[in-house]
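Novice:
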Amino acid sequence: MQGTLANTIADEIRVQLSASEKVRLRTPRRVNVIALDYYLQGNYHLHRLRRGSVDEEAHKAAENFQRAIDQDPGFAPAYLGLAYAHA
Numbered sequence: 003m004q005g006t007l008a009n010t011i012a013d014e015i016r017v018q019l020s021a022s023e024k025v026r027l028r029t030p031r032r033v034n035v036i037a038l039d040y041y042l043q044g045n046y047h048l049h050r051l052r053r054g055s056v057d058e059e060a061h062k063a064a065e066n067f068q069r070a071i072d073q074d075p076g077f078a079p080a081y082l083g084l085a086y087a088h089a
């Protein structure tokens with residue numbers, strides 16, 4: 003579904019994609035479940051920042067996001083979470 007959406011957006015804004023880029027957009031990205039689990043744990047701790055010890059929760063969030071990145075360096079949402087944890 004993401005590939006279809008990406009192709010539709012590219013068509014609408016008239017971006018010229020190479021054949022290899024089109025294939026890459028049609029090919030679903032495999033999800034590393036371990037990285038996803040660490041990412042979700044990081045989000046849990048980010049959302050707890052308002053309720054608990056800010057430093058402790060931020061540290062736990064950053065730790066989990068970094069573990070997600072270590073498991074899957076291409077998992078972009080983990081980088082965003084890590085940035086939020088350090089903000």
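Okay, so the sequence shown: first residue is 3 according to the numbering used here, each after it adds one.
Note that beta-carbon positions come from the ideal geometry of N, C-alpha and C, so glycine has one too.
Is it true that the CB of Ala70 sits closer than 8 Å to the CB of Tyr41?
Specialist: Cβ atoms of Tyr41 and Ala70: closer than 8 Å.
Novice: Using the Cβ count rule (16 or more neighbours within 10 Å means buried), how would you classify Glu58?
Specialist: Exposed, because fewer than 16 other Cβ atoms sit within 10 Å of the Cβ of Glu58.
Novice: Following the continuous alpha helix (DSSP H) through Ile36, name the residue where it begins and the one where it ends.
Specialist: Where Ile36 is concerned, the enclosing alpha helix (DSSP H) stretches over 35 to 49.
Novice: Pull up the CB-CB distance for Tyr86 and Leu38, whole angstroms please, since I reckon it's below 8 Å.
Specialist: The pair is not a contact, with the Cβ atoms about 17 Å apart (cut-off 8 Å).
Novice: Along the chain, where does the alpha helix (DSSP H) containing Asp74 start, and where does it finish?
Specialist: Careful: Asp74 lies outside any alpha helix (DSSP H) and carries neither H nor E.
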